[in-house]
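Engineer: This structure is in structure tokens; I'll ask about it shortly.
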Amino acid sequence: MKIVTWNINGVRARIGNLTHWLTESQPDIVCLQEIKTVDEQFPRAEIEALGYNVETHGQKGFNGVALLSKLPFDEVIRGLPGDDTDEQARFIEGVFSTDQGALRVASLYLPNGNPIDDEKKFPYKLSWMERLHRWAEQRLLLEEALVLAGDYNVIPEPIDARFPENWLGDALFQPQTRQAFRRLKNLGFTEAVRAVTDAADVYTFWDYQAGAWQKNNGIRIDHLLLSPEAANRFSSASIEKHVRAWEKPSDHVPVAIDLALQPA
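The sequence shown begins at 463 in the working numbering and counts up by one.
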């Protein structure tokens, strides 16, 4: 079963790229971030025509996440618990039936947090990560195959940036950010890409500015974390970086894993 995360950076602006990629890549489950649209305006017809079920948690103009699946949804939960005042659409989870039992997949768009001296933005990022930690603790108690996928806005290690020195003042690379990500992983998750390679120059995001793509000036901020039950079925991970060279691209590219699971 192929599961992919992709920050699409505006689904309506890139619906052509998305449908072309779905046809080419043939994922079973897709976690989208930054759909930048309300649920009612999500271009579901074009995606459903390709055989996908669609569930969204949208927001006008920015944020927004979605799940696309060839499998039927058993359950869908919108929003990360822990703060009833948080109106930002950044989290959706779906549950599916497989030959090995339940599969739970979450699509998340973690706050950027910049600038770090803003009295609200960086604290919001850290508090969101703490809520994610508490949610993950509870979900791991279910002992299900769990894939926690998305744009984490976290550069985990210096090797995950072409020029790490350029990110020292950025919320994506702050010690508190990286520590929170390590704490999350240390609950028992396997970080899929780093489970298969420790190479440098492995990136998922290239800015639109200053020829970053052409110069391979990238960072790795899109991650898939696997619970022990998912890691036991894990067979491969890959980054579909060729998509960044398409016309009107997102600044992120799809990151894919394969799990040895079949629909029930």
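Each residue gets a CB set at the ideal place from its N, CA and C atoms; glycine is no exception. What you are looking at is a predicted structure, and each value in this text was computed from that prediction instead of being measured.
Under 8 Å, with one C-beta from each stretch per pair, do the stretch 519 to 526 and the stretch 586 to 599 reach the 3-pair mark?
Structural biologist: The stretch 519 to 526 is not in contact with the stretch 586 to 599.
Engineer: From residue 544 to residue 586, what does the alpha carbon distance come to, in whole angstroms?
Structural biologist: If you take the alpha carbons of residue 544 and residue 586, they lie about 13 Å apart.
Engineer: Could you name the residues that DSSP lists as bridge partners for residue 549?
Structural biologist: Answer is none; residue 549 lacks a bridge partner.
Engineer: Spell out the partners DSSP gives residue 487 in its beta bridges.
Structural biologist: According to DSSP, residue 487 bridges with nothing at all.
Engineer: Please classify residue 698 as buried or exposed, where buried requires at least 16 neighbouring CB atoms within 10 angstroms.
Structural biologist: Exposed is the call here.
Engineer: Measuring alpha carbon to alpha carbon, tell me which residue in 549, 590 and 531 is nearest residue 566.
Structural biologist: It is 531 whose Cα lies nearest to the Cα of residue 566.
Engineer: Using CA coordinates, which residue listed in 689, 626, 487 and 546 is at the minimum distance from residue 716?
Structural biologist: With distances taken between Cα atoms, residue 716 lies closest to 487.
Engineer: With DSSP run on the structure shown, which of helix, strand or coil describes residue 688?
Structural biologist: Three-state DSSP puts residue 688 in a strand.
Engineer: Would you give the residue range spanned by the alpha helix (DSSP H) that residue 586 belongs to?
Structural biologist: Unbroken alpha helix (DSSP H) run through residue 586: 583 to 602.
Engineer: Strictly by DSSP, which residues pair up with residue 495?
Structural biologist: According to DSSP, which records beta bridges pairwise, residue 495 is partnered with 469 and 527.
Engineer: Would you mind stating whether residue 691 and residue 605 have Cβ atoms separated by less than 8 Å?
Structural biologist: Yes, the pair counts as a contact, with Cβ atoms nearer than the cut-off.
Engineer: When the distance is taken between beta carbons, is residue 542 closer than 8 Å to residue 493?
Structural biologist: Not in contact: residue 493 and residue 542 (Cβ atoms no closer than 8 Å).
Engineer: Need the endpoints of the beta strand (DSSP E) that residue 696 sits in, please.
Structural biologist: Counting along the chain, the beta strand (DSSP E) containing residue 696 begins and ends at 696 to 701.
Engineer: Hey, could you find the ends of the alpha helix (DSSP H) residue 509 is sitting in?
Structural biologist: Residues 506 to 510.
Engineer: Starting from residue 639, trace the alpha helix (DSSP H) both ways and give me its first and last residue.
Structural biologist: Segment 637 to 647, the alpha helix (DSSP H) holding residue 639.
Engineer: When DSSP labels each residue in this structure, what does residue 616 get in the three-state scheme?
Structural biologist: Three-state result, residue 616: coil.
Engineer: Please confirm whether residue 696 and residue 654 have their CB atoms less than 8 Å apart.
Structural biologist: Yes; because the gap between Cβ atoms is below 8 Å, this pair is in contact.
Engineer: Quick check on DSSP: helix, strand or coil for residue 560?
Structural biologist: In this structure, residue 560 counts as strand in the three-state DSSP scheme.
Engineer: Below 8 Å between beta carbons: does that hold for residue 415 and residue 468?
Structural biologist: Here the chain comprises residues numbered 463 to 726, so residue 415 is not present and cannot be evaluated.
Engineer: Going along the chain, which residues of its own chain have a beta-carbon closer than 7 Å to the beta-carbon of residue 669, five neighbours each way excluded?
Structural biologist: Excluding residues within five positions, the ones whose Cβ falls inside 7 Å are 713.
Engineer: Flag this pair as yes or no: are the beta carbons of residue 473 and residue 491 separated by less than 8 Å?
Structural biologist: In this structure, residue 491 does not lie closer than 8 Å to residue 473 by Cβ.
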